[in-house]
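Chains as they are written, first to last, in the working numbering: chain A, 29 to 338; chain B, 444 to 942. Yeah, the Cβ is synthetic: ideal placement off N, Cα and C, and Gly gets one too.
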């Protein structure tokens, strides 16, 4: 969290200094007179602008457009201050479900016969065997806390979040006969991003709002066939009075080899918080959790893949 | 003279002395009187004091009163938004004693403070964490708060936002489940459940039939008398006349709000799963679900129920058919099976026709069947067994892939729910499964989690919901006991007559 704060602080500082180094702005008053100056400070209570050259000038002296410019400048100034506009990201688990069961596998052939609405089946229970099947589902996400410590409200705050997570998938979905091959245990990892954009119409002084990122559904699935093998003696073997046992199913290979597992995990969240600046442009503050997230992922999708295809 | 003067002086002195004596005695008197008065008053005070002292014990008993001062201690100042998130129990219980944890009502004074606040929509402020729009509006509507207690076929729950998902498919009307009479139980229960809802409760009813889903309303609606009448009227015509089973024409009005990143293809999300999808998109706190089967394919004999992976199934059928065409022995087996199958089909269709005619004559509703071969089973006619593939690897695909595993379905539900609920977590899910009277579980299939009830039970256990069987009316028996050979003869004689 500290690292994250540092990062956001650094970004805030950079943005703040960018604002201070703005070029001179040409102000005009209600009578059309103009002057070039730079705003140093705006007193929201007294409605007085402190200009670098001209000094203290009441707000209502300026033209309507400039008044709006000053107010937007002030809002942006307050927004970019990490002390006065605070953002925090907290990771949380929103749901956690578990399903575990020992089951007897079965083979069921299925065929669609003409003239029938439903498929016809032929079921064979593989009764001497058992498998332990476990499924863990977790919904993880991030809480985005915004707090306005300025003396004035901040309006139209756009909060964009990108939730990054990865999930493994089986190469073969559910296939008993293919379990003989190595492919059965093979998994492929997919990186996923979920984007969410929300707008907070206004954040009044000392108000705190909590927004949420999208949810990352993390799946951990496991089939364990090693511990639950019920070793059976075939009739022919007992006739021969041999103590040999087998866990092999015809056509399926060694049963205990057929365990597999796939997992997933949340990588992190990248949050962009933005408001409209005095020039009409969007000014963003970016924060990530963990702070090292930007080393692993980027906000914009990397357009490299189509090039590789070419 | 002098003497006189002196005597006069003496007289005066005497007088003065007398005066002094008189004055001093008066002073003494007054002192004495005062002393007496003071003593008397003092003793009275003392008496009063002692009398008071006896009452003093009662005062001491009132000590707890002093502790009340603690209430006047400075209160930690918090922005009112935070205060609102933790309303005092006192206020809550005064308004409703039903489920205080469900209703978070700000204190009286907070409404005034709230008044100048901007109106927030959506779930981004912490004070709408539980979406309190209802409580706020309910306050102004001056009605009882929206928590309704619902008992849906034994699955109970209390909430402000309730969705009821009901199966209208033909599977609810099978003979062994009690036919149309069982469905009238569903109607009766819906009347009771919806009728008992408080008017501030938000509700919706979702009906499903295969891949079709109908919502009473596109959003949640308050359970006002008018809404209740409308919804019951809307449901009223469903499955009362079995000549038209399932959703009525033009009722299906649901399309998913978004594409979900789930293991199941959207077109394979059917039945209760699609009904549930429609319900979770409404964000109710509690969902009651009445279903007949788990998947869209349920085998007749074992009761194995699953969701079909249509595209893989189609591909598998092609590969399997190709295998049976190529393999000489396999082709022979399959041809033999198909010939027998075709004959059985003709018999079954005739049996069904005769049975239904008999039912019409007896002023009964027609028989609703899964497929035509059901009547063969009813009449104890065995169907030929489907020849198995000798070498599955030759086919190049496994039949296991043609159906979604329970894990894939559970993952689908999880993603759909979390996409819609996010930080709110899981809603309460309750499942009711309609069975016939004296329904017996297939224990072997159930142990492998293949039957509908085993799957529903596992799902409810996982989501910490409730599962109940709804035992329907007694099974409807066939009016005719038919013999396959007799029916075959009848078909043949009819054919010769036609010629």
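The C-beta of residue 618/B comes no closer than 8 Å to any C-beta of chain A.
Nearest neighbour of residue 194/A by Cα position, chosen from 64/A, 246/A and 302/A, turns out to be 246/A.
DSSP places residue 599/B within a strand segment (E or B) once states are collapsed to three. Contact annotation for residue 891/B against chain A: 131, 132, 133, 134 and 153 [CB-CB distance below 8 Å, chain order].
Sequence-ordered contacts of the region 699 to 726 of chain B with chain A are nonexistent [C-beta pairs closer than 7 Å].
Residue 236/A and residue 904/B have their C-alpha atoms spaced approximately 38 Å apart.
Assignment of beta-bridge partners to residue 70/A by DSSP yields 77/A. Residues of chain B whose Cβ lies closer than 7 Å to the Cβ of residue 191/A do not exist, since the nearest Cβ in that chain is about 11 Å away. Taking all protein chains shown into account, residue 710/B has fewer than 16 neighbouring C-beta atoms within 10 Å of its C-beta and is therefore exposed. With fewer than 16 other Cβ atoms inside 10 Å of its own Cβ, residue 56/A counts as exposed. Contact between the region 145 to 160 of chain A and the region 168 to 184 of chain A is absent, with fewer than three C-beta pairs closer than 8 Å.
Within chain A, the residues whose beta carbon sits less than 9 Å from that of residue 829/B are 137, 138, 139, 141, 148, 149 and 150, listed in sequence order. Taken through DSSP and simplified to helix, strand or coil, residue 715/B comes out as helix. Between residue 698/B and residue 608/B, the alpha-carbon positions lie close to 16 Å from each other. Residues of the same chain with a CB within less than 7 Å of the CB of residue 54/A, apart from the 5 flanking positions on each side, are 62 and 64 in chain order.
Here residue 123/A is buried, its C-beta having at least 16 other C-beta atoms within 10 Å. Nearest Cα to residue 600/B within the set 936/B, 910/B, 925/B and 832/B: 910/B. Only those residues of the region 280 to 298 of chain A whose C-beta falls short of 7 Å from the nearest C-beta of chain B would be listed, and there are none. Each residue's CA atom was taken as its position, placing residue 97/A and residue 88/A some 12 Å apart. An exposed status is given to residue 223/A, since fewer than 16 other beta-carbon atoms sit within 10 Å of its beta-carbon. Here the alpha carbons of residue 852/B and residue 184/A stand approximately 40 Å from one another. A Cβ of chain A is located within less than 8 Å of the beta carbon of residue 740/B. Sequence-distant partners of residue 312/A (beyond 5 residues in either direction) whose C-beta falls short of 6 Å from its own C-beta, in its chain, are 300 and 302.
Look at the region 97 to 130 of chain A: the residues with a C-beta under 8 Å from a C-beta of chain B are 120, 122, 123, 125, 126, 127 and 129. Think of a sphere of 8 Å around the beta carbon of residue 169/A: the chain B residues whose beta carbon falls inside it are 865 and 866, in chain order. DSSP places residue 821/B in the helix class (H, G or I) of the three-state scheme. Neighbours of residue 745/B across chain A, judged by C-beta separation under 7 Å: 151. Residue 822/B and residue 923/B have their alpha carbons spaced roughly 9 Å apart. Cβ contact annotation for residue 629/B (same chain, cutoff 7 Å, sequence separation greater than five): 609 and 733, in chain order. Contacts with chain A at 8 Å (Cβ-Cβ) include residue 869/B. Membership of residue 759/B in any beta strand (DSSP E) is not indicated; the residue belongs instead to the alpha helix (DSSP H) covering 753 to 769.
Neighbours of residue 247/A across chain B, judged by C-beta separation under 7 Å: 854. Contact note: residue 145/A reaches chain B through 813, 814 and 815, using a C-beta cutoff of 9 Å and chain order. With 16 or more other Cβ atoms inside 10 Å of its own Cβ, residue 166/A counts as buried.
Interface flag for residue 240/A against chain B is set, since a Cβ pair is found closer than 8 Å. The beta carbon of residue 744/B sits closer than 8 Å to the beta carbons of 820 from its chain, once the five residues preceding and following it are set aside; these are given in chain order.
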